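Visitor:
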DNA sequence: GGACAGCTACTGGTCAGACCAGTAGAACTT
DNA sequence: AAGTTCTACTGGTCTGACCAGTAGCTGTCC
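Protein chains in written order, with our numbering: chain A, 23 to 278; chain B, 23 to 278.
The following block contains the structure:
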């Protein structure tokens, strides 16, 4: 449960401006790319001091809603939603935790398996084309080594997430992929190129693409789980692997 | 892909303080409940103006890392991680979107099913006791009406999430539950008490508890999906329901 | 007419200082 | 020991100054 402080009697000066701007963005009155009034105009508009306006700007920037540049006379620009706030929360929760890698992998498996299922249900022909192209880029990247291949692999997953048509899933999955990448990029580079694993990954992703094309949501979801486990499972200490394995094997077709 | 601005040549005055404080929290040097130095001491420590210090404080507050109170001579307090940043992102992404309810339900099903699976793998005896107590509170709340029952139901899910031992899953699930609650609380209250549905929900949760007690991860995961679909599925327009249904039916035991 | 350089009137970034409402904790009283 | 008062701080807000940076206008050259 989130901790609660006593309800404020009246809002602080900067909060009034934050709420106003957030409301205008949420209602679509301010769109991505639009500019806010300059700081001195907001001073006049809200009848507050310029430092209160600047405090509000810092909050909106921190939340990924706007960006400003020194000297730009056009005012701060409204941004599209980003994974940055979630990245920050993930960092806060997993930093230096002994089980952080397995929990990040669990989180990623959770999100990507649903993204795959949704992509199978909601995908368009244009999505399929983008998936084809992304897979082709993986084949090219395979010849360039592990680092390029990892990047192309992340791109493929992102295209799948876009095909899911679920922005929140997409941004969440992006955030956790970036966190995992940062945590283990050194380890992956140390392990050197593993061409066989890259080849199997491409085959897996081809299967995912086929399942999405065939609108087979269950197969797409299952493949996300087994693929992630095969690619990353060896990085998890054996005693921590049970939970990840349980998730990976959920919905497996019966053996035989 | 998050948009990128040109790399800054040097950090802004407030950013130096934000980074310093974040690093000290991440390394454990500053713990939850600890106090930061007061603003005027940070001015001296960092050699910057007090308005720059205050801008840094606004950023740290906005990210849920600290809280301050007017007049408190002890300085800002370090908070435990909260769902607030994710709540804000969810609001940004789903506000006034026509498909926001189904996407929120999908997100919640995604997270809670994994939380159930993890809880089955990682739960302790203390967790089981807390789950027993949470279910008992649901039985009591049933007699008090739908609003009390909904709250007790949310509490039960949160106890399950705690038993998962996965803070990120727990906070994410909490954020999406709160968002759904806010979106449909009026609708639920309008529909009046449905004692039969409340009774079935309790039965479902008893099955979840049994599956967690039996360490049956797959059953626990499956029950989260089917239960959410049964409880909320009717609120989703038929044409949007396919994706949710596909997720709900993943991993279903064969009929018969 | 287009490219380029220079200029200007702004912008955001940072700071110092002032003042006020609010708080913790010490001192005092009962 | 409990309650009240007082004080020296705190955070909240504001004003004004100054500076580096930018967009866009103007003038020149080809």
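For each residue, glycine too, the CB sits at the ideal point set by N, CA and C. Just so you know, these numbers come straight off a predicted model, no measurement behind them.
Should residue 179 of chain A go down as buried or exposed, given a rule of 16 or more other Cβ atoms within 10 Å for buried?
Guide: Locating residue 179 of chain A in the first chain gives position 157, counting from the first residue. It counts as buried.
Visitor: Could you tell me which chain A residues have their CB closer than 7 Å to the CB of residue 265 of chain B, listed as they occur along the chain?
Guide: Taking the first residue of the second chain as position 1, residue 265 of chain B is located at position 243. 140, 143, 144, listed in chain order.
Visitor: Based on the DSSP output, what are the partners of residue 99 of chain A in its beta bridges?
Guide: The residue given as residue 99 of chain A occupies position 77 in the first chain. According to DSSP, residue 99 of chain A bridges with A:57, A:89.
Visitor: Using DSSP with H/G/I as helix, E/B as strand and the rest coil, what is residue 188 of chain A?
Guide: Numbered from 1 along the first chain, position 166 holds the residue referred to as residue 188 of chain A. Coil.
Visitor: Could you give the DSSP three-state label for residue 107 of chain A: helix, strand or coil?
Guide: Taking the first residue of the first chain as 1, we reach residue 107 of chain A at position 85. The answer is helix: DSSP assigns residue 107 of chain A an H, G or I state.
Visitor: Following a CB-centred definition, is residue 256 of chain A positioned closer than 7 Å to any heavy atom of the ligand FAD?
Guide: What this structure holds is no ligand at all, so the ligand FAD is not there to describe.
Visitor: Under 8 Å between beta-carbons, which chain A residues line up against residue 112 of chain B? List them in chain order, please.
Guide: If you number the second chain from 1, residue 112 of chain B lands on position 90. In chain order: 190.
Visitor: With residue 132 of chain B as the anchor, note down where its alpha helix (DSSP H) starts and where it stops.
Guide: Working through the second chain from its first residue, we reach residue 132 of chain B at position 110. Segment 122-144, the alpha helix (DSSP H) holding residue 132 of chain B.
Visitor: With DSSP collapsed to three states, give me the class of residue 117 of chain B.
Guide: For the purposes of this step, residue 117 of chain B is identified with residue 95 of the second chain, where counting begins at 1. Correct three-state label for residue 117 of chain B: coil.
Visitor: For residue 49 of chain B and residue 97 of chain B, what's the separation of their Cα atoms in angstroms?
Guide: Stepping through the second chain from its first residue, residue 49 of chain B is reached at position 27. Stepping through the second chain from its first residue, residue 97 of chain B is reached at position 75. Computed Cα separation, rounded: 20 Å.
Visitor: According to the neighbour-count rule (16 or more other Cβ atoms, all chains shown, within 10 Å of its Cβ), is residue 165 of chain A buried or exposed?
Guide: As a first step, residue 165 of chain A is located in the first chain; it is residue number 143 there, counting from the start. Residue 165 of chain A should be labelled exposed.
Visitor: Using a Cβ cut-off of 8 Å (strictly closer), state whether residue 29 of chain B contacts chain A.
Guide: Taking the first residue of the second chain as position 1, residue 29 of chain B is located at position 7. Here the model assigns residue 29 of chain B a pLDDT of 45, short of 50, so the residue's position is not dependable and the matter cannot be decided.
Visitor: Out of A:76, A:55, A:201, A:51, state which residue places its alpha-carbon closest to the alpha-carbon of residue 61 of chain A.
Guide: As a position in the first chain, residue 61 of chain A is number 39, starting the count at 1. The shortest C-alpha separation from residue 61 of chain A is found at A:76.
Visitor: In whole angstroms, give me the CA-to-CA distance for residue 232 of chain B and residue 174 of chain B.
Guide: Within the second chain, numbered from 1, the residue matching residue 232 of chain B stands at position 210. Within the second chain, numbered from 1, the residue matching residue 174 of chain B stands at position 152. One C-alpha to the other measures close to 18 Å.
Visitor: Would the beta-carbon of residue 103 of chain A fall within 8 Å of that of residue 191 of chain A?
Guide: Here the question's residue 103 of chain A lines up with position 81 in the first chain. Here the question's residue 191 of chain A lines up with position 169 in the first chain. Cβ distance not < 8 Å, so residue 103 of chain A and residue 191 of chain A don't count as in contact.
Visitor: With a CB to CB cut of under 6 Å and the five nearest residues on each side skipped, what residues in its chain are close to residue 52 of chain B?
Guide: On the second chain, residue 52 of chain B is found 30 positions in, with the first residue counted as 1. Contacts found: 46, 100.
Visitor: Quick one: does residue 129 of chain A have its CB under 8 Å from some CB of chain B?
Guide: For the purposes of this step, residue 129 of chain A is taken as the residue at position 107 of the first chain. Chain B contact via Cβ: present.
Visitor: So, for residue 188 of chain A: in the same chain, excluding its five sequence neighbours on each side, which residues have a beta-carbon less than 6 Å away from its beta-carbon?
Guide: Taking the first chain and counting its residues from 1, one reaches residue 188 of chain A at position 166. 140.
Visitor: With DSSP as the reference, label residue 218 of chain B as helix, strand or coil.
Guide: Translated into the one-based positions of the second chain, residue 218 of chain B becomes position 196. Three-state DSSP puts residue 218 of chain B in a helix.
Visitor: Just to confirm before moving on: does the CB-CB distance between residue 237 of chain A and residue 143 of chain A stay below 8 Å?
Guide: The count along the first chain starts at 1 and reaches residue 237 of chain A at position 215. The count along the first chain starts at 1 and reaches residue 143 of chain A at position 121. Yes; because the gap between Cβ atoms is below 8 Å, this pair is in contact.
Visitor: How big is the Cα-Cα spacing for residue 25 of chain B and residue 71 of chain B?
Guide: Working through the second chain from its first residue, we reach residue 25 of chain B at position 3. Working through the second chain from its first residue, we reach residue 71 of chain B at position 49. Annotation note: pLDDT 37 at residue 25 of chain B (below 50); position unreliable, no value reported.
Visitor: Are the beta-carbon atoms of residue 201 of chain A and residue 126 of chain A separated by less than 8 Å?
Guide: Counting from one through the first chain, the residue named residue 201 of chain A turns up at place 179. Counting from one through the first chain, the residue named residue 126 of chain A turns up at place 104. A contact, by the Cβ cut-off of 8 Å.
Visitor: Can a CB atom of chain A be found closer than 8 Å to the CB of residue 81 of chain B?
Guide: If you number the second chain from 1, residue 81 of chain B lands on position 59. Yes - at least one Cβ of chain A is within 8 Å of the one on residue 81 of chain B.
Visitor: With DSSP as the reference, label residue 166 of chain A as helix, strand or coil.
Guide: For the purposes of this step, residue 166 of chain A is taken as residue 144 along the first chain, with counting starting at 1. In this structure, residue 166 of chain A counts as coil in the three-state DSSP scheme.
Visitor: Less than 8 Å between the CB atoms is what I'm expecting for residue 273 of chain A and residue 273 of chain B, so what's the real figure, rounded?
Guide: One-based indexing of the first chain puts residue 273 of chain A at position 251. One-based indexing of the second chain puts residue 273 of chain B at position 251. That pair is a contact at about 4 Å.
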